[in-house]
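A.B. asks: Numbering (the working numbering), first residue to last: 166 to 363. Yeah, the Cβ is synthetic: ideal placement off N, Cα and C, and Gly gets one too. Values in this document were obtained by computation on a predicted structure and should not be read as measured data.
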Ligand code: MN3
């Protein structure tokens with residue numbers, strides 16, 4: 166049983182980048198639907214009381230009759246919980262994580278450029294990611310609501326490139342959305358994800 170996780174900020178906190186109406190519909194309608202559909206799929210099953218990310222980590226073992234529903238809606242919940250919790254306009258501080266970003270990508274700006282490219286080249290609906298994979302930082306992309314957790318990776322940054330994430334604010338201009346959304350990250354949250362996973 167999953168719940169709709171509350172936003173940690175007001176829906177107008179990022180006006181000009183992600184506007185109030187987008188938060189209200191994206192979080193309050195789309196994610197709420199993933200929650201309702203996931204709960205309906207797992208109701209009465211052994212998965213009802215399991216940790217969602219543990220289910221996603223073992224998605225291939227989920228009963229075939231509900232696997233697609235769990236992958237799509239459970240992935241949708243997990244991905245969006247990561248997405249909405251990572252905004253806050255907090256810069257990356259010096260330290261081990263920043264050193265790893267710089268040694269892997271060259272600079273924070275170069276990492277953001279790679280995430281933008283991943284988001285632009287994700288044809289159709291899906292996600293661009295910074296993940297920790299076997300101790301290494303990698304920029305990846307997934308289709309639909311597939312979770313990096315199902316690939317054995319730990320997601321650190323997740324950028325939703327479904328049209329519902331940006332259409333009200335940017336219409337078809339996915340490049341502009343990517344430029345803007347990457348300016349409002351809370352790097353303390355992202356660093357904490359790294360520290361918890363390393
Ligand atoms: Mn979305």
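1. Tell me the DSSP secondary structure of residue 213 in three-state form.
2. Indicate whether residue 358 and residue 316 have their beta-carbon atoms separated by less than 7 Å.
3. Let me make sure I understand the geometry here. Which of 203, 260 and 329 has the alpha-carbon closest to that of residue 291?
4. Note the first and the last residue of the continuous beta strand (DSSP E) segment covering residue 302.
5. When you compare only the Cα positions, how much space is there between residue 174 and residue 229?
6. Identify, in the order they occur along the chain, each residue of the same chain with its Cβ nearer than 7 Å to the Cβ of residue 375, setting aside the five sequence neighbours on each side.
7. As a quick check of your reading: which residues have a C-beta less than 6 Å from at least one non-hydrogen atom of the ligand MN3, in chain order?
8. How many Å lie between residue 249 and residue 187 at the Cα?
9. In angstroms, rounded to a whole number, what distance separates the CA positions of residue 340 and residue 293?
10. In whole angstroms, what separates the C-alpha of residue 367 from that of residue 343?
11. Determine whether the Cβ of residue 311 lies closer than 7 Å to any Cβ atom of chain C.
12. Please report the Cβ distance between residue 279 and residue 270, rounded to the nearest whole angstrom; I am assuming they are in contact, meaning their Cβ atoms lie under 8 Å.
13. Mind checking which residues open and close the alpha helix (DSSP H) that includes residue 187?
C.D. replies: Quick answer:
1. Within the chain shown, residue 213 is the residue found at index 48, counting from 1. In the displayed model, residue 213 falls within a helix according to three-state DSSP.
2. Position 193 of the chain shown holds residue 358. Position 151 of the chain shown holds residue 316. Their beta carbons are not under 7 Å apart, which means residue 358 does not touch residue 316 by this criterion.
3. Here residue 291 corresponds to residue number 126 of the chain shown, with the count starting at 1. Nearest to residue 291 by C-alpha distance, out of 203, 260 and 329, is 329.
4. Along the chain shown, one-based indexing puts residue 302 at 137. In the DSSP assignment, residue 302 falls within the unbroken beta strand (DSSP E) covering 301-308.
5. Counted from its first residue, the chain shown places residue 174 at position 9. Counted from its first residue, the chain shown places residue 229 at position 64. About 38 Å.
6. With the chain running from 166 to 363 in the structure shown, residue 375 is simply not present.
7. Those satisfying the condition are, in chain order, 191, 195, 245, 325, 327, 329 and 330.
8. For the purposes of this step, residue 249 is identified with residue 84 of the chain shown, where counting begins at 1. For the purposes of this step, residue 187 is identified with residue 22 of the chain shown, where counting begins at 1. Going by the C-alpha atoms only, they are around 12 Å apart.
9. In the chain shown, residue 340 corresponds to position 175, counting from 1. In the chain shown, residue 293 corresponds to position 128, counting from 1. Residue 340 and residue 293: Cα-Cα distance of roughly 13 Å.
10. Within the shown structure, residues of the chain are numbered from 166 to 363, placing residue 367 beyond reach of any answer.
11. Protein chain content of the structure displayed is limited to a single chain, and chain C is not contained in it.
12. Working through the chain shown from its first residue, we reach residue 279 at position 114. Working through the chain shown from its first residue, we reach residue 270 at position 105. The Cβ separation is near 6 Å, so the contact holds.
13. As a working mapping, residue 187 is identified with position 22 in the chain shown. 185-190 is the span of the alpha helix (DSSP H), which, as asked, contains residue 187.
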